[in-house]
Structures are given as structure tokens and as C-alpha cells.
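Have a look at the structure below before the remarks.
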Amino acid sequence: MRTLRNFPRNFMKEEPLPTANGGDSYARVFYCASKPISFPCPRFAISKSHASPRTDLIIRNITISGTYDTSAKLCIPPHGCKKTNLQVGTHGLVFDKRYWDATIDPSEYSYVEAAVTAGYSILTYDRLGTGLSEKPDAYMVVQAPLELDILRGLTEMARSGELLQHAKSANQSAHSTTNLGDTSVASWGLTYARESDPALFGDRRSGYMVEGTVSALQFGFFSSQTNTTSGIGGFDPKVLDPAFSIRQTITTSEVVSGSALNLGPSPNYKGPVQFMLAQYDHLVCDDDCNGAYNATLVNGIFPKAKDVDFFIQNGTGHALTLHRKANLGYKATFDWLNKNGR
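Take the sequence shown: its position 262, counting from 1, is numbered 367 in the working numbering, and each next residue is one higher.
Structure representation (C-alpha cells):
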């Protein structure tokens, strides 16, 4: 059980962490600050097809302007940063920032807890239209290119120490991002959010969709298969209800504009890149991601990257953080970061 108490600044919380070896010889603490952040978006132009309030598809240029509130949480290790690398976690569709910090068996499932235990500070946030962030127009505002620009702004603020003074020692950033690209909505079991659950999503207007049932969430995001070599795989049924309770909305325009985030050439990037795939990802690889990556294509996108790595997390579905032994995948990422001096 994690206990919380007030810490004197910026809604800080103190949370006991499990010991590194699973014992109970001592307790460590880490601190998290949660706060809303306002992002001005003056004349942000998007040239992309988007869904209109009608049922037809319109392709035209639109200009987004305004200021939008985004909810973020920054967690730091005890006694400040041990690493100079700040991690930034961007959740994918149908969840919010709680995806990174499961409250059920945190030592196995919580990426935030694993990162802080490894000495990293980590920033997670609710993408626009989800969680505690603002829910603007689902057709004209909540689109993939704008969300990418918000991520850029968050990264710059975090690295400068503007979000919290404790983060000023982080002079590099590492991004952990789940899939945000185009996927067939028909396979997701989506329904209109406000009609599906008025208590949770009564503030969502037209164009906001959500997973309508636990079984729909399970079908798209969980796998019961086990890796025959490692014996690792599947999910604990007790995870399903908590996962459904943190489900979040997506907008019609996010789905349509997702292809705008497809990787383009990054000829000047010289840092490391890791691609992590769930072995049995139904949405991305039709239940089999073994050998699904194209190293030649990726090397063409990042021709000067210091290290391009591909890692397949055994026995998992699309929701990597909610499958058994999720912490083994986290360790693989931290080992890779350490290898690259991060």
C-alpha cells in the first residue's frame, strides 16, 4: 500500500517505494508535483484532413489559436536527481498519465516507480482532451500535430527547470511514447463517451469516444499468450477492472490526423533510439510482432543515431505496462540508457 501525505510545495507528495531486492529492510521515498500548465497556441496551422461536426470528411487548412491547460506530474528520486536524464512519458490513445503509474502492484507495473528507483526523474502528463487536461473541441482543436507541439513545449519547460526547481539538473531528456498513429477504430470497440458513461465523461462534447466495455479494452490492448521460451506472458485478470477505470477518451480528429506523426527523416539527430514492441500486439502487429521492425528503414530515418535498438517485450499485448513482468521491459530500457551514458 502506498501512503500519501502533503509536502509543503506545489502539491508535492511523499510515497514509500519498495526496496530494490523486494525486502523490507528499509524504505525509500520519492516526490511528485502535480500542477496544471497553460500552453498558448497562437495561430497554430494544421494542414491535414479532419472530421467535421457533420459525417463527411473535409480536407483543408485550419488555424488553431488559444491557450490550453495540460495536467502534468513530475516525480524525482530522493535527495534530487541521480541521473542527468529527465524522462518524459507520453501515454497513447484510450488512457491518461495514470497508464505510467499503476496503483495495483506498483513494483511490477508502475513505470514511474521503476524509473525513480533507477534514479531518473520522470514527467508524465495528460494529453489534451484526456484526464485532468482541458477538453476543447474534438474536431477543430484536439489533433495530433497540436499535441506534438505541446510535448515539445513541456520538454523545453522541464529541461529549463521551469516546472520544478528540482529538475534543473536534468540536462538531457528521454522520451517514452506509446503508439499514437493511425489504427483501425473499428477494432477498438469505441462508443460516444458522454453516452457511454455520463458520470465519468459528462464533460465531453461531440467527437469524444471511449472504450465502451471491459471486453473491448481487453480485445485490443491485452494478450493472454505466453512466450514459450521465457514462460513470460499474459495478464493478471485483476488488472482489467483498474485498467478500465482509468480509460480515457480519444477524438475523431486524433484518429484522422494520427498519420501526421509518422516518422520522417531526422538526419541531424545523433542520440540513441530504442523501439520497444509488445510481442503479441493486436493493434500494431495483428498479434505477432516478432521480426516486425525494419532496421534498414529505421537506419534511414536516423542515419546518425548513436545507437538504434529494437526490443520485443515477451508475452505482452499493446498495453505494455499492464502485463505480467512489465518491469522486465523497464529494466531493458534502463540498461540501454545506461549503456548510452544516459
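Quick reminder that beta carbons are idealized off the backbone N, C-alpha and C, glycines included.
{"query": "Comparing C-alpha positions only, which one of F135, A177, H428, Y435 sits nearest to F326?", "result": "H428"}
{"query": "Are the Cβ atoms of D231 and K202 separated by less than 8 Å?", "result": "yes"}
{"query": "Take the Cβ of P303 as the centre, count every other Cβ of all protein chains shown within 10 Å, and call the residue buried at 16 or more, exposed below.", "result": "exposed"}
{"query": "For D440, count the other beta carbons within 10 Å of its own beta carbon; 16 or more makes it buried, fewer makes it exposed. Which is it?", "result": "exposed"}
{"query": "Give me the Cβ distance between Q384 and N432, rounded to the nearest whole Å; I'm assuming they're in contact under 8 Å.", "result": "Wrong, their Cβ atoms sit about 16 Å apart, outside the cutoff."}
{"query": "Going by DSSP in three states, F380 sits in which element: helix, strand or coil?", "result": "strand"}
{"query": "Are there 16 or more other CB atoms within 10 angstroms of the CB of L208, so buried, or fewer, so exposed?", "result": "Note that residue 208 corresponds to Thr in the displayed sequence, not to Leu. By the neighbour-count rule (16 or more Cβ atoms within 10 Å), T208 is not buried but exposed."}
{"query": "Please report how far the alpha carbon of V193 lies from the alpha carbon of L228, in whole angstroms.", "result": "5 Å"}
{"query": "What did DSSP end up calling K140 once you bin it into helix, strand or coil?", "result": "strand"}
{"query": "Suppose the cutoff is 7 Å on Cβ atoms and the five residues either side in sequence are ignored; what does the same chain contact list for A437 look like?", "result": "F416"}
{"query": "Please state whether the Cβ-Cβ distance between E359 and V247 is less than 8 Å.", "result": "yes"}
{"query": "Considering only the beta carbon of each residue, do G317 and T296 sit closer than 8 Å?", "result": "yes"}
{"query": "Would you mind reading off the limits of the beta strand (DSSP E) that contains Q174?", "result": "Looking at the sequence itself, residue 174 is Asp, so the reference to Gln does not match. Run containing D174: 172–181, per the beta strand (DSSP E) assignment."}
{"query": "Against chain C, does P183 count as a neighbour if the rule is that its beta carbon must be under 8 Å from one of theirs?", "result": "The displayed structure is made up of one protein chain only, and chain C is not part of it."}
{"query": "Can you tell which of R299, G236, K409 has the C-alpha that lies nearest to the C-alpha of R352?", "result": "G236"}
{"query": "Please identify the residue among D206, S311, T356 whose C-alpha is closest to the C-alpha of R220.", "result": "Reading off the sequence shown, one finds Ala at residue 220, where the question assumed Arg. Measuring from the Cα of A220, the nearest candidate turns out to be D206."}
{"query": "Please name the residue in D254, I142, S328 whose C-alpha comes closest to that of S238.", "result": "I142"}
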